[in-house]
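Worksheet: one structure, shown below.
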Amino acid sequence: MGLLNNFGAAGSNGALIVEEPRSPARRTLEVAAGQLRAALIAQLEGAPHEALALADVAYSSTARRKLFRHRVAVTGRSAAELLANLRDAQIAEVVPQKGGERAKVLFAFSGQGGQYVGMGAELYERVPFVRKIVDRCHAKLVEWGLPGVVDVIKKGGEVDVESAEAFQAFQSAVFVLEHALASLWIEWGVKPDAVAGHSLGEYAALVTAGVLKLDDALRLVACSPDGGDARRNEKYSGLSIACYNSDADCVVGGPVDQLDLLQKQYKESGHKCLRLNVQCAYHTRAMGPILDDLRALGAQARLAAPTLPVLANVHGVLVQPGDASIFTPEYFARHCGESVRFEQGIQDLIASPEFATVSACIEIGPHPTTLPMLRCLQGRAGTPLLLPSLRKDASDFAVLCAALAGLYALPVANDIAWRKVFSALAPTAHLVDLPLYPFADTRYWVTFEETAPQAAAALATTLPKPRFSLLDSCVGMPSAEGVDGVFETPFSQLADLVEGHKVSGFALCPASVYHELAAAGAQLVLEHLARIPEDAVLDLAGITYSNPLVYSPDVERTVRTDITLNAPGEKYVGAFSISSYTTGGERQPHCTGFFNVRGSSERASKLALASTMVERRRQAVLDSRGAETFYTRTAYDLVFSRIVAYSPIFHSMKSITIQANGIDAYAVVQLPAAAPKGAYVIHPIFMDTLLHVAGFVINCNAGANEAFICSQVDKVIAVPELADMSATYGVYTTIGFMSDSLAVADAYAVRMDGAQGTVVAHMKRMRFRKLRLNGFKSLLSMAAGGAAHHTPAHSAPQHKHGAPTAAQLSSPTKARDLAADIIRLISDTCGVPVADVKLQARLADLGIDSLMSIELAGRLQTILPSVHVDSDALAEFHTVGDMVDDLKGKAGAATPHSDSSDTALESDEESTDVPPEQDGAVSLDKIKEIISTILDVPVKSIADDEDLERLGLDSLTAIEARHILQTSLNVDISEDAFASCKSIRELGNAISPPPTLKKPQASAKESSTDAPPLFLIHDGSGIAHCYGKLSSIGRTLWGIHNPKLPTGEKWEGGVVEMGTYYAGLIKKVVGNQGCIVGGWSFGGVIAYEAARQLIAAGVPVKGLVLIDSPHPLTSSALPDSLIDAVIGGVSANNKLTPLIITQMKNATRALVAYDPSSSPLRSEKIQSLEFLGDRANPTQAVAEWESVLGSKVPVLDIPGNHFEVFERANVGAVSERLKEALALFQ
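Quick note on the working numbering: the sequence shown kicks off at 2 and runs consecutively.
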């Protein structure tokens, strides 16, 4: 209220009292909750009837009251309406989730068709959080020279709906509104467990899932061509399905005249048909003219793996967190030009055990156009509430209040920040007195019972022989102490199954054998502990195949199956691992994964949901024009035998029909009469059929020297009681090619006779990776032997054709036979008879390509150690003779004379901790070349710090890469290398001969500088790889690793012992010359001690650099739980994580025990110190260091927190601050 005065010149005085107009009554949310139903009813009946502000009542009963088990929520505009609605409302009982799980919530983002001027206007005008997001996006669009969105969103906006600008503005406005709504729900505490976007809505879904940055998504949506080219293209003909929305709903797109005819025919036949409010035929071939522009836009986007499950409409699959293989720059062009497989994606979500029960689906968009497509969830994924966020021709606040009322009766209400909700919807609401919750008049009496003596523990009995055929003996069963279940089987006992599956002539253990071993072992362990009901079945999940298991009759090998049970409430009931070992040899891992227990009827019901989809697609395959059918003999003996030679016991396919598109197929299968009989969870050959039907289809797309090999399976589901091994089945498979080198497949087995149409098994997301057959054959050859699969560094590998070694070439007589030696080595590498390797033979005809030339160069280097053998040069040779002549010429100039001592080839026995500057350095370019060939990625697109997983490296290609790198570069690579190394640079550091001191490659300018070298000591983890990310600092840089990291040992003498040891290493390098020392975190404290030790030894220390290091007077250690959470959370699947955690715990205890006064010299002899940190108060941050040093400590700020110092975004600034610090020491 205000007073407006007007004093006139003639002495008049007018006054006017003004106030803001009263807002129309808004719909208010009213709730109540109680621990007991009767008490809640009593509270409602005793509610006062005097007039109170409805917003205050709603706020007080929601944001300021505890949420109990029994709840009721209604909305209304007046007290009378609220009371009437409360009388009619049903009181809901909210049952706590089992195992502490959170109620699942799905965000469904609307596509086009529901947009209108003024969508979200009320939220924009009255909710600052929404307005801020909209205004920020609007400003960016205008800055980029594109139409803004405010006029579309605000009420009464002036928009020419027929203009081209309006087309872009509406498209951008839908995205911006959806992003704002999703952010608002998340701000309120309603966080999605999965997101699904229909058509245009997928962009907002990808932002919510962390795949796209907001700016990139906004640019992709707003800068997408306006469809004008597509609308003007009338050369295409025919209609096509643009969106598969549900079983009863799809969208057809194409020429307008043909759509008019189709619509007329539908109406005449009585079928429902609706013309959509869209500008052009999205997701059809009509979009062809604009796809190149979308590819260019996609290439500019910064993509990341999703942080929560998200539906991919192009493939119709649910993409799991961390899977970076789906959303590529090409995806967005495919998203525009290909059909939206929304139904298939929702079916994939329903089939996921994680979403067996969904409590709510919230549509994020201007109008509920997607919720009707999600009605299939009701009854299949529990009974989820389908809630809109906004609705056309309805108040924004009213729709949101109704949605909140629905959520209040669900467990998700416990996570909602109700105060934030009211801060947005009713900011003036405040606490008022309401009736108190009545006490329950319940009497409790506990009858005393005397404690009965515990029964004596049963005596241990001999473990029985497993009843399943593939498990020979039980070595151990879990007990109260938590021992794993362990089963062993002689490999020869599996010979029939393994020898029936030969790849490149080697008997390779099929994936289905691993599955049966795991399922049988898990079944027995669970039965032993009485943790599996009689009517339960086992699902296998997250299956990864690592090292190949190859059968050789000459090698005695034992296959071991380990079953580990998890604590109750975990995502999986347990885990399995399958490995093998030879007598006296180390265990070699082959397959790992998890398992869950499901009710048989529940699993059968889940599989039944897919039967309609399978039948529809089966019919589509069989009826399609251009489909090709193969029968048993043709499939197994002619087509498939190029890659896998199956024995008759595996010939289960009677016929297979492949659709012309090459991605859908249907096979008629039956277990062969020759299949081995036995006791199985489910017959492995039957389950293998699902794998090799998919493999057959995928490998029809492989080249002459290529094969797609299965590397992972997300899920194996089967109901053994439904599977009759004498029956005939149909296997439907669908393939998705994610790239040229990666294909993903699903396969379903359906009963054809008897219980026809019953789905009995499903293999979900089988991942097939393309490999070179020559390289894979070489890998299998190594695996067939009894030794571990590695080549020791600096030793010549032994070849089956007797390829010569360097020692054999040390005399002139043997050097004269160099041509014959090279021919034998080529024969061995290519796997062809020596007689076929003629001097005039073309290298290409022998199968020597870019990948094999790398391997060949590595082998030639072992017999010609004095000659530089370049793989690029080998690739230029035309014939074998050209190569022999060139190498003979080089060897002639480099071969030792006859009086040369043989010891010239032997290494110096005296070792040093500091290797020569160039010895053992591995070229990053050479590593890139090999990785490029394996992954089919251009070399120029591989940066030194490129994430290997993003490039497509998985467990299977990592095995091939390790083998090729070892044989080509003649180095030793640990099996854990690819688990710990995430980039080319880290891989190069890891596979170089591992000295205690590591010197990153320096430019010629740095190596010749006179500036004192800088030594940086590892942090608490023991690893110094992070220093390799620093840019040039104008001097030689050394990084020091903890030599006790691999063993997990502890430095008994603490910081003083470490400082003494590292000081000795540094002194070996610099002698009595000057140096600078430092380190990040705990490494700074060690550097402080090492500096004191160096000064005591007469080595001048020019300065000490501390990078965010704790002071040496720290009195409390970091809690073990914090270390486990920080390190384990970042690298949970890394095999080095336990060792790093151990070193971190040792480091924090050593820091607390360290007494700097016990060091041999006083600290003031250190000349100066720079502290790099991210602190609000620099003086306070270094106060303790200054007390130790007795002098001032300058501070230079760097971005990020303590754990982000060497992140890619910060390392450039850190490098610059480091150079500034070093300059102060001059």
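The C-beta atom is built at its ideal place from N, Cα and C for all residues, glycine as well.
This structure is a prediction, so every number in the text was calculated from the model and none was measured.
Query - Residues near Arg376 by beta carbon distance below 8 angstroms, same chain, minus five either side - result: Ser247 and Leu387
Query - C-alpha distance - Thr968 paired with Arg860, whole-angstrom precision - result: 7 angstroms
Query raised in the report: Could you give the distance in angstroms between the alpha-carbon of Ala744 and the alpha-carbon of Val341?
Result: 19 angstroms
Query raised in the report: Pro1: buried (16+ other C-beta within 10 angstroms of its C-beta) or exposed?
Result: The question about residue 1 has no answer here: the residues shown for the chain are numbered 2 through 1227.
Query raised in the report: Relative to the alpha-carbon of Arg768, which residue among Ala361, Ala708 and Gly121 has its alpha-carbon at the smallest distance?
Result: Ala708
Report task. Look up Val1106 in the DSSP assignment and say whether it is helix, strand or coil. Result -> strand
Query raised in the report: Can you tell me whether DSSP reads Lys141 as helix, strand or coil?
Result: helix
Query - Residues bridged to Tyr681 [DSSP beta-bridge criterion] - result: According to DSSP, Tyr681 bridges with nothing at all.
**Report entry** Sequence-distant residues of the same chain with beta carbon closer than 6 angstroms to Cys982, five excluded per side
**Finding:** Leu988 and Ala991
Query raised in the report: Got a sec, what are the start and stop residues for the beta strand (DSSP E) Tyr667 sits in?
Result: Asp665 to Gln671
Query raised in the report: So, Asn971 versus Ala784, is the Cβ gap smaller than 8 angstroms?
Result: no
Query raised in the report: Going straight from the alpha carbon of Ile823 to that of Leu847, what length do you get?
Result: 14 angstroms
Query raised in the report: Sorted by chain position, which residues of the same chain lie with C-beta nearer than 7 angstroms to Lys105's C-beta, five sequence neighbours on each side aside?
Result: Asp194, Phe356, Thr358, Val359 and Ser360
Query - First through last residue of the alpha helix (DSSP H) which encompasses Val212 - result: No alpha helix (DSSP H) contains Val212, which DSSP labels as neither H nor E.
Requested in this report: Using the DSSP secondary-structure output, state which residues sit across from Ala512 in a beta bridge.
Outcome: Partner(s): none; Ala512 has no beta bridge.
**Report entry** C-beta atoms of Val209 and Phe328 nearer than 8 angstroms
**Finding:** The sequence given here places Thr at residue 209; Val does not occur at that position. Result no, Cβ atoms of Thr209 and Phe328 do not sit closer than 8 angstroms.
Query raised in the report: Looking only at C-alpha atoms, which of Thr759, Arg617 and Ala508 sits nearest to Lys778?
Result: Ala508
Query raised in the report: With burial defined as no fewer than 16 other Cβ atoms inside 10 Å of the residue's Cβ, what is the status of Leu262: buried or exposed?
Result: exposed
Query raised in the report: How many Å lie between Ser912 and Lys1069 at the Cα?
Result: Only weak support is given to the placement of Ser912: the predicted model assigns it a pLDDT of 34, under 50, and the value that follows is read from those uncertain coordinates. Those two C-alpha atoms are separated by around 13 angstroms.
Query - Limits of the alpha helix (DSSP H) - the one that Ser247 falls within - result: Where Ser247 is concerned, there is no enclosing alpha helix (DSSP H), although the beta strand (DSSP E) it sits in stretches over Ser241 to Ser247.
**Report entry** Length of the line joining the Cα atoms of Val318 and Asp152
**Finding:** 36 angstroms
Query raised in the report: Buried or exposed: Lys1030, going by 16 or more other Cβ atoms within 10 Å of its Cβ?
Result: buried
**Report entry** Alpha carbon of Ala944 to alpha carbon of Ala306, nearest angstrom
**Finding:** 19 angstroms
Query raised in the report: For His763, which beta-bridge partners are listed by DSSP?
Result: Ile718 and Tyr749
Query raised in the report: Looking at C-alpha atoms only, which residue of Cys251, Asp258 and Leu292 is the closest neighbour of Leu275?
Result: Cys251
Query raised in the report: Taking Lys927 as the reference, which of Val320, Val870, Glu331 and Met654 has the closest Cα?
Result: Val870
Requested in this report: Go to His71, then tell me how far its beta strand (DSSP E) extends in each direction, as first and last residue.
Outcome: His71 to Gly77
Query raised in the report: Taking the continuous beta strand (DSSP E) assigned at Lys503, which residues delimit it?
Result: His502 to Val504
Requested in this report: With DSSP as the reference, label Glu987 as helix, strand or coil.
Outcome: helix
Query raised in the report: Under the criterion of a Cβ to heavy atom distance below 7 angstroms, does Val560 qualify as lining the ligand ATP?
Result: By its list of ligands, the structure shown contains no ligand whatsoever, and the ligand ATP lies outside what it can speak to.
**Report entry** Through-space distance from Ala568 to Ser1132, alpha-carbon basis
**Finding:** Low confidence applies here, because Ser1132 scores a pLDDT of 47, under 50, leaving its location unreliable and the question unanswered by this model.
Query raised in the report: According to DSSP, what are the bridge partners of Phe8?
Result: Asn14
Requested in this report: Specify whether the region 638-658 and the region 483-493 touch according to this definition: at least 3 beta carbon pairs, one from each stretch, less than 8 angstroms apart.
Outcome: no
Query raised in the report: In terms of DSSP beta bridges, what is Val487 paired with?
Result: Gly477 and Asp563
Query raised in the report: Which residue comes first and which comes last in the beta strand (DSSP E) that contains Asn597?
Result: Gln589 to Gly600
Query raised in the report: Within this structure, are the beta carbons of Gln113 and Val279 separated by less than 8 angstroms?
Result: yes
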